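Asks:
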Amino acid sequence: MKSLGRFLGGVLLFFLIWHLAAMLLQTSIILPAPYQVLKVLAELLRDPLTGVAALQTVWKVFLALALVLALGLFLGIGLGTSPALYEMMRPLIMVIQAVPVVSWLSLVIFAWGIGWRGPVFIAFMSLLPIALLTTVSGVKNLDRKLLEVARVYRVPRRQVIKDIYLGALVPFMFAVVDVSIGQAWKVILVAEYLCGNSGLGVEILSARFDFDIPRVYAFTLLAVTLGILTERGIKRWLERTAKKWQPA
Amino acid sequence: MAGKDGKEVAACLKVTHLNKAFTGLEVIKDWHMQVENGARVVLLGPSGAGKTTFLRMIAGLDSPDSGEIQVGTDKVAFVFQEPRLIPWRSVRDNLLFVNPRAEVETILAQLRLEGFADYYPAQLSGGMQQRVNLARALAVEPDLLIMDEAFSSLDLPVRMNIMEDLLQQWERKHFTIVSVTHDLKEALFLATRILLLSGRPAQIVEDIAIDQHPGSDWTDLPRLQQEAWLLKKLLAADHPE
């Protein structure tokens, strides 16, 4: 309850600062006042197409995250259990990590043109290195004593991966989700803006073309709110799932 | 009984000319022993006498520098010093992890763990976790049960309690037990045979058959006198004249 109060206080403070800044600048082309934006947002929320656009962005975010977790886990276990392979692949991971979003953008426009695949691919490539490196570090920090138990009892490899590796990596995956979800939202919105055909990023682009700045801000506010809500929802779910494993 | 290498061995465990050193430090020196099926052998020795190393070599977790260990069965279970349970799996799943066909409820009942199958390790006390460690070992219906100071971290009543339960299981199934400890009480309680180890480099200096001790009055001796006798032997082994 206390933390919710502090959170709402923070939101109020944000709107207050925004309001003061808008008053000082006195130009709605650069910074419209919060009440203008909230008014447009209320209108947008009454339009079913806004919900469709939001859903189109949300599913892309979740698809990118799911792909990152699945492949990050699969490849990360492989790399974590083979130091030689990890040393070989590390330069490639660093290259992927260093490639700027605009370069991926050019690539996907040439490959697929405008569409949903570009934003998902760009978010995937931006987040994969974090998932990979986190998983590798999780595998390296795995409790060797549990692996010895598996060896003594001759537990099949597939079961060891399922019961020991995946279980031990869950906290690391929590960390990946924690770090990635905010970034996934940002990358998907930018990619939709530049090479998408649907979603909140496209709506922001269309508002910009119309010089409808309060609408740009309203869509941004909607995206930020959805980002925060999904982040908090996922975090709470993860915390609840992890709680029963913690020592009493 | 066929060993790991296919050779016939008469006993459950046969050790010949066993040597092991760690970075030049000789830990185990020329050990020989044979453990018959169904025996309860306790290796008693000071810290650093290579007891854990020996058990790890039997279980295939370490290899000897020279010599041979022949294990006459594939059904080996290991009760580690610490429970080593999978924290994110329930008690039931920890048992099923080592044997998917284990009769979980029966094994738990035999070790006074009824009703705890769906608990997670963190929800159990240290003594109960160690019981689950033992239950997991029994879940594979072992022919050879290895125990590495399995109960040393528990207080005496809990320890005696678990050992009584273990002996009950042994009475039913007669698996072979090879255990190490530095605790005289535990050794006397559990063993049919005690192997006394010297200090580093450890050697087996005495092989005492508890149930056939020369002097025949051994079993009638009060437990304290038995302990005193064993302690004297242990001190002599650790600090030879």
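Chains as they are written, first to last, in our numbering: chain A, 1 to 248; chain B, 249 to 489. C-beta: ideal position from N, C-alpha, C; glycine also. Fair warning: this is a prediction, and the values are worked out from it, not measured in the lab.
Compare the C-alpha of residue 329/B against each of 277/B, 449/B, 304/B, 445/B and name the closest.
Replies: Closest by alpha carbon: 304/B.
Asks: Per DSSP, residue 239/A is paired with what?
Replies: Per DSSP, none; premise fails for residue 239/A.
Asks: How big is the Cα-Cα spacing for residue 343/B and residue 321/B?
Replies: Approximately 20 Å between the Cα atoms of the pair.
Asks: Output the residue ranges of the alpha helix (DSSP H) runs that lie fully inside the segment 24-106 of chain A and measure 4 residues or longer, sorted by chain position.
Replies: You should have 34-46, 48-81, 83-98.
Asks: In this structure, how does DSSP classify residue 409/B when only helix, strand and coil are distinguished?
Replies: Helix at residue 409/B.
Asks: Please check the pair residue 201/A and residue 57/A, which I expect to be a contact at CB under 8 Å, by giving their CB distance rounded to whole angstroms.
Replies: The pair is a contact, with the Cβ atoms about 7 Å apart (cut-off 8 Å).
Asks: Reducing DSSP to helix, strand and coil, say where residue 351/B ends up.
Replies: It is coil, neither helix nor strand.
Asks: Shorter than 7 Å from the beta carbon of residue 309/B to some beta carbon of chain A?
Replies: Output row for residue 309/B: interface = yes.
Asks: Quick check: what's the CA-CA separation for residue 367/B versus residue 357/B?
Replies: Approximately 14 Å between the Cα atoms of the pair.
Asks: Per DSSP, which residues does residue 425/B bridge with? Please list them.
Replies: Residue 425/B pairs with 288/B, 393/B.
Asks: Please report whether the beta-carbon of residue 332/B lies at a distance below 7 Å from any beta-carbon of chain E.
Replies: The structure shown contains no chain E; its protein chains are A and B.
Asks: Taking C-beta pairs closer than 7 Å, name the residues in chain B that residue 164/A reaches, listed in chain order.
Replies: Going along chain B in sequence order, the residues near residue 164/A (Cβ under 7 Å) are 334.
Asks: Tell me the rounded alpha-carbon separation between residue 281/B and residue 86/A.
Replies: Each residue's Cα considered, the two are about 44 Å apart.
Asks: Under 9 Å Cβ-Cβ, which residues of chain A neighbour residue 326/B?
Replies: Ordered by position in chain A, the residues that pass the 9 Å Cβ test against residue 326/B are 148, 149, 152, 153.
Asks: Bridge partners of residue 314/B, per DSSP?
Replies: DSSP lists 267/B as partners of residue 314/B.
Asks: Take residue 205/A and list the residues in its own chain whose beta-carbon comes closer than 7 Å to its own, dropping the five residues that flank it on each side.
Replies: 193, listed in sequence order.
Asks: Quick check: the segment 167-184 of chain A against the segment 224-243 of chain A, are there 3 or more CB pairs under 8 Å?
Replies: A contact exists between the segment 167-184 of chain A and the segment 224-243 of chain A.
Asks: If you count every other CB in all the chains shown that lies within 10 Å of the CB of residue 279/B, and 16 or more means buried, which is it?
Replies: The residue is buried, with at least 16 neighbouring Cβ atoms inside 10 Å.
Asks: So, at 7 Å on beta carbons, what are the nonlocal neighbours of residue 390/B in its own chain, with the 5 sequence-adjacent residues on each side left out?
Replies: For residue 390/B, where only same-chain residues beyond five positions count, the Cβ hits under 7 Å are 323, 324, 325, 423.
Asks: Which residues bound the alpha helix (DSSP H) around residue 341/B?
Replies: Per DSSP, residue 341/B belongs to the alpha helix (DSSP H) from 339-346.
Asks: Do the segment 261-281 of chain B and the segment 406-417 of chain B make contact, defined as three or more Cβ pairs closer than 8 Å?
Replies: Segments in contact, no.
Asks: Check each candidate in 39/A, 59/A, 235/A, 12/A and name the one with the smallest Cα separation from residue 198/A.
Replies: For the residues 39/A, 59/A, 235/A, 12/A, the minimum Cα distance to residue 198/A belongs to 59/A.
Asks: In or out: residue 29/A buried (at least 16 other Cβ within 10 Å) or exposed?
Replies: It counts as exposed.
Asks: Do you know whose CA, among 363/B, 355/B, 477/B, 451/B, lies nearest residue 264/B's CA?
Replies: Nearest of 363/B, 355/B, 477/B, 451/B to residue 264/B, Cα basis: 451/B.
Asks: Give a yes or no on whether the C-beta atoms belonging to residue 185/A and residue 61/A are separated by under 7 Å.
Replies: In contact: residue 185/A and residue 61/A (Cβ atoms closer than 7 Å).
Asks: State the Cα-Cα distance for the pair residue 147/A and residue 160/A, rounded to the nearest angstrom.
Replies: Near 8 Å, if we compare the C-alpha coordinates of residue 160/A and residue 147/A.
Asks: Does DSSP put residue 183/A in a helix, a strand or coil?
Replies: Correct three-state label for residue 183/A: helix.
Asks: Do residue 290/B and residue 400/B come within 7 Å of each other at the CB atom, strictly closer than that value?
Replies: No, the pair does not count as a contact, with Cβ atoms beyond the cut-off.
Asks: For a test of the three-state rule: what should DSSP assign to residue 6/A, helix, strand or coil?
Replies: Of the three classes helix, strand and coil, the one that applies to residue 6/A here is helix, per DSSP.
Asks: From residue 378/B to residue 259/B, what distance separates their C-alpha atoms?
Replies: C-alpha separation (whole angstroms): 29 Å.
Asks: Determine whether the Cβ of residue 346/B lies closer than 7 Å to any Cβ atom of chain A.
Replies: It does; some Cβ of chain A falls within 7 Å.
Asks: Which value, in whole angstroms, describes the spacing of the CA atoms of residue 8/A and residue 168/A?
Replies: Computed Cα separation, rounded: 35 Å.
Asks: Listing by chain order, which chain A residues have their CB less than 8 Å from the CB of residue 388/B?
Replies: By Cβ distance, chain A contributes 153.
Asks: Taking all protein chains shown into account, decide if residue 471/B is buried (16 or more other Cβ within 10 angstroms of its Cβ) or exposed.
Replies: By the neighbour-count rule (16 or more Cβ atoms within 10 Å), residue 471/B is not buried but exposed.
Asks: Under a three-way DSSP split, which group does residue 474/B fall into?
Replies: The answer is helix: DSSP assigns residue 474/B an H, G or I state.
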